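Residue numbers (the numbering used here): 335 to 555.
Don't be surprised by glycine CBs; every beta carbon is placed ideally from N, CA and C.
Just so it is clear, the structure is predicted and the values come from calculations on it, not from any experiment.
Take a look at the structure set out below.
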Amino acid sequence: MPDNQEKDQPRRRQARGERRVAQLLEAAASVFCLTGYTAASTNAIAREAGVSPGTLYQFFPNKEAIAIELGDRLMHEMRETYGEALAPVDPATPLEEAVGAAVDRFIDFNCAHPVFFALVHGPDIPGRLSEEHDALHATLLARIEDLLRSLLPGTPPADVTRTAHMCLGLYKAGLELVLAHEGAERDAYVQELKHVLIRYLGPLIGEPAAAPASPAATPSA
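Laid out in C-alpha cells, this is it:
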C-alpha cells in the first residue's frame with residue numbers, strides 16, 4: 335500500500351469517529367429534552383441514534399460521560415455567545431437596543447440548544463457539569479456587571495452586583511416560559527421578557543422605561 339494511503343487511513347478513521355460522536359450527542363440531546371437527564375438511558379440514546387448499545391459504548395462508558403461531553407461543547411459555545419452579547423456598550427446606546435441585542439442572542443442560543451436548559455437546570459446534573467455550570471454562572475454574572483457598569487457609571491459596586499443578579503434571575507425565569515412555547519407565542523414571551531428588563535433597568539439609568547412593541551402591533555415582514 336502506498337505511503338499516502340497509509341497516512342490517510344487514520345484520518346479517515348478519525349473523521350468517522352467524530353461523525354459518530356456527533357450523531358450520538360445529537361441523539362442524546364433529543365432524549366434528554368424528551369425525558370430529562372435522570373430518566374434517560376444509554377439504550378434510549380443508542381436507539382435514537384440508530385446504533386447498537388455496543389457501538390455507543392465504544393465512545394462513551396455511560397450517560398454521564400455523554401452529558402458531560404455535550405455540556406462541555408454547549409458551554410464553550412455559550413461562552414462565545416455571552417462574550418459577544420455582553421460586551422460593554424456606549425452609555426449613549428438606548429436601553430431598549432442594549433437589552434434587546436443581549437436577550438436576542440441568548441434566546442437564539444437557548445432555542446437552538448434546548449438541551450442546555452434541560453441539562454443545567456435539571457434535578458440531577460452530573461457532578462462535573464454542575465461545577466462547570468457554576469463557573470459559567472459566575473463568569474456570566476461578571477460580564478453582566480461589566481455591561482451594567484457601562485450603563486450605570488458611578489454606581490456603587492455592590493449595587494451593580496445586586497442588579498446583575500436580578501437581571502440574570504429575571505432572564506432565567508423568562509427563558510423557561512419562552513422555551514415552553516413556540517411560534518408567535520414564543521415571540522410574544524421574548525418581548526415580554528425584554529419589557530420586564532427594560533422596565534426594571536430604565537429607572538436605574540434615568541431613561542424612560544418604554545416597553546418594546548408588542549409582536550401583535552408589529553407589521554409582518
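Would you mind reading off the limits of the alpha helix (DSSP H) that contains residue i?
i, result
"Asp442", "429 to 446"
"Glu398", "397 to 419"
"Gly384", "Here Gly384 belongs to no alpha helix (DSSP H), and DSSP marks it neither H nor E."
"Leu486", "Element bounds for Leu486: n/a, residue is neither H nor E."
Excluding the five sequence neighbours on either side, which residues of its own chain have a C-beta within less than 8 angstroms of the C-beta of residue i, listed in chain order?
i, result
"Gly351", "Phe393"
"Ala555", "In this predicted model, Ala555 has a pLDDT of only 34, less than 50, meaning its place in the structure is not dependable; the value taken from the coordinates is given anyway. There are no such residues."
"Glu475", "As written in the sequence, residue 475 is Leu, which differs from the Glu given in the question. Thr495, Ala498, His499, Leu502."
"Ala452", "Phe366, Cys367, Gly370, Tyr371"
"Leu481", "Leu420, Ala421, Pro422, Val423, Ala432, Ala436"
"Val530", "Leu504, Gly508"
Identify whether residue i lies in helix, strand or coil by the three-state DSSP scheme.
i, result
"Gly540", "coil"
"Gly351", "helix"
"Thr376", "helix"
"Glu516", "coil"
"Pro491", "helix"
"Phe393", "coil"
"His315", "A question about residue 315 goes unanswered here, because the residues of the chain that appear run from 335 up to 555."
"Asp468", "helix"
"Gly388", "helix"
"Gly370", "coil"
"Val423", "coil"
"Ala551", "Unreliable positioning characterises Ala551 in this predicted model, as indicated by a pLDDT of 43, which lies under 50. The coordinate reading is nonetheless provided below. Helix at Ala551."
Keeping to the same chain, check which residues put their C-beta closer than 7 angstroms to that of residue i; ignore five residues upstream and five downstream.
i, result
"Ala374", "Val365, Phe366, Lys397"
"Met409", "Glu466, Leu470"
"Thr376", "Pro387, Leu390, Asn396, Lys397"
"Ala550", "Any reading at Ala550 is ruled out, since the residue's pLDDT is 45, under 50, leaving its predicted position unreliable."
Quick check: the Cα distance between residue i and residue j, rounded to an integer number of angstroms?
i, j, result
"Ser386", "Thr369", "20 angstroms"
"Thr552", "Thr473", "Residue confidence is low: Thr552 scores 43 on pLDDT, short of 50, so the model does not pin down where it sits. Its coordinate-derived value is still stated next. Distance between the alpha carbons of Thr552 and Thr473: 35 angstroms."
"Leu504", "Ile532", "11 angstroms"
"Arg353", "Glu382", "15 angstroms"
"Thr427", "Glu418", "16 angstroms"
"Pro460", "Gly540", "43 angstroms"
"Ala435", "Ala399", "34 angstroms"
"Glu411", "Val524", "21 angstroms"
"Gly456", "Tyr371", "7 angstroms"
"Gly536", "Glu479", "16 angstroms"
"Ala378", "Cys445", "23 angstroms"
"Thr415", "Arg477", "12 angstroms"
"Asp442", "Leu463", "22 angstroms"
Less than 6 angstroms between C-beta atoms, sequence neighbours within five positions excluded: which residues of the same chain meet that for residue i?
i, result
"Val449", "Ala363, Phe366, Cys367"
"Val423", "Ala432, Ser484"
"Asp493", "none"
- Query: Within the chosen definition, does the segment 402 to 417 reach the segment 354 to 374 through at least 3 CB pairs nearer than 8 angstroms?
  - Reply: yes
- Cβ pair count under 8 angstroms reaching 3, the segment 485 to 494 against the segment 504 to 517: no
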